[in-house]
Structures are given as C-alpha cells and as structure tokens.
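Quick notes on the structure that follows.
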Amino acid sequence: MASNIDDRWLWLGLGVFTFVAITRVSAGLHQVRTLTEISTPIIPPLGPRTVHSPSSTHQEDAIKTSSLLVLATSQNTELRLSATKILCSRFYASQKLRKHLVRDLNSKDPDTRHRAQLAFNLLCENGVVREYSALKALESERDTVEGELRALEDEMRGVEQERDAVERELRRRRREAMVISEGGGPFTQEDVFMRDDGAGGTNSW
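Quick note on numbering: my numbering labels position 164 of the sequence shown as 149, and the sequence is numbered without any gaps.
Structure (structure tokens):
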C-alpha cells in the first residue's frame, strides 16, 4: 500500500536538502580558496644594512707566504704587484725584521749594505715606509757624519804619522850623537838638539 505524503513535506525536505547542500558546497569552496590563496608576506622596514663580509686585511692574512712568493713572480702584472706589496707589508710589520734591515743598512760589508738598500727601496716603492723623505734625510745626515768621522780619522792618522816621523828623527840624532860624541860622559836630549843647532857652524859640545 503506497503511503500518501503531503506535497508540502516533500517541498520542505527538498528545500532543507538544497540549503544544506549549498551551505556545504560554499564552505568547501571557501576552504579550498583559503588553502590555495597566495599570500604576500609583510616586509618589515629595513634598518641600517650591515654587511658582514670578510675584510681585505683578513683575506690578505689568510694567504700563505709561500703562495705570495709564487704570485710575486707571476707574469700577471697586477698579481705580481699585489703579492709584492703584501709581502712588503708583512716584512715591515715584523719588528725583528725591521731591526735586521737597519743593522744591514749600517753594515760594513758592501754587499750586505747594498742588498739592504735594495730591500729598503722596495719597501718605499710599495708605500710601506711612509716616512721616506724623513728617512732619506736621516741617511743624508748619517752620510755627512760618517764623512766627517772619516776626515777626522785621516787627520788623526796624519798626526800619528808626523809623530812617528819626529820620533824616528830623534832616534837618528841619538845614534849620530853616540857615534860622534868625544866625551866620555853620558849625553842628554839637550845634547842632540845642541848638535842640530850647531850644524850651521856653532858647535856647543
């Protein structure tokens, strides 16, 4: 036996079903849209930019000396000059090596002094020794003082030679006085000069 359902209930059920379906579909579409939406992040205002990059000094210190020596003989002019400048900077930064250089600059050995002068000129050419003019002035003053000392030594040497000549002359006169002395008594220094004075014709003994 077929049940008789009022059309109102059928339309009510269809309306409820349609409402629920539309609500579910709308919620699903909204969720899908939310999940697939590309959001643009908010960029905060930039403050002072700090770049933490290794300084050139640290990069230079990281290079081995042996590698710099190889680069200093490179055919590439820029590499060669850069490597030479770094080597000069490392050399001058060492107090021990600076003392050795000053000592060799004042060495009495010409070869040692010449090599030290070449090294000093290389340091100046690469801007390591900034007091170049002052050092050149000191070198000039040192040369002047050394010249005066050499002149004084030559003068003293001349005085010594003159003194030796006087002493030799005195010894010669003593020997002559001993040979030609007619007296039996001892003769003195005065006798030697008296004999010399009497060489012109007046003999006092």
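C-beta: ideal position from N, C-alpha, C; glycine also.
Cβ neighbour criterion (16 or more within 10 Å) applied to residue i
i, result
"residue 86", "buried"
"residue 103", "exposed"
"residue 81", "exposed"
"residue 105", "buried"
"residue 37", "A caution first: residue 37 carries a pLDDT of 46, below 50, which makes its placement in the model unreliable, though a value can still be read off. Classification of residue 37: exposed, given that the 10 Å Cβ count is below 16."
"residue 184", "Reliability of the predicted coordinates at residue 184 is poor, the pLDDT of 46 falling under 50, and no value is obtained from them."
"residue 4", "exposed"
"residue 39", "Residue placement at residue 39 cannot be trusted, given a pLDDT of 49 that sits under 50; what the coordinates show is reported in the next sentence. Result: exposed."
"residue 146", "exposed"
"residue 155", "exposed"
"residue -5", "exposed"
"residue 162", "buried"
"residue 14", "exposed"
"residue 12", "exposed"
"residue 108", "buried"
Residue i, enclosing alpha helix (DSSP H) - first and last residue
i, result
"residue 10", "-8 to 21"
"residue 74", "62 to 78"
"residue 94", "No alpha helix (DSSP H) holds residue 94; DSSP gives it neither H nor E."
"residue 55", "50 to 56"
8 Å Cβ cutoff, residue i in contact with chain C
i, result
"residue 4", "Reference to chain C is not applicable here, since this structure consists of a single protein chain."
Exercise for the section: Count the CB pairs spanning the segment 76 to 94 and the segment 129 to 136 that are closer than 8 Å, and state whether there are at least three. Expected result: The segment 76 to 94 vs the segment 129 to 136: no contact.
Measuring CB atoms only, is the segment 106 to 113 touching the segment 64 to 77, in the sense that at least three cross pairs come out at less than 8 Å? yes
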